[in-house]
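As C-alpha cells, the structure follows; a few thoughts come after it.
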Amino acid sequence: ALPANDPLFANLAENFLVRAESVGVMDVLTQKWFGNAKITAIAEK
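Numbered as in our numbering, the sequence shown ends at 29 without a single skipped number.
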C-alpha cells in the first residue's frame, strides 16, 4: 500500500511499474509466481 498523502512516492511507484512492464519484467514475474494461470484485470472505476 502507498501512503495516501505522498504524491511523489505514488508517482515513483507508478513510473517503476510502467517501466517494469515495458521491458518485460512483469511478464517474467507473472510467469514465475502464477505460471500458466489465467490472469484477469479488474477494470478501473
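Quick reminder that beta carbons are idealized off the backbone N, C-alpha and C, glycines included.
Model, not experiment: these values are computed from the prediction.
Glutamine 15 and glycine 8 have their C-alpha atoms some 11 Å from each other. Per DSSP, reduced to three states, the secondary structure at glutamate 28 is coil, with no helix or strand assignment.
Annotation: the continuous alpha helix (DSSP H) that includes aspartate 11 extends over 9 to 18. Taking lysine 22 as the centre and dropping the five residues before and after it, the same chain places no C-beta closer than 6 Å to its C-beta. For alanine -6, the enclosing alpha helix (DSSP H) starts and ends at -9 to 6.
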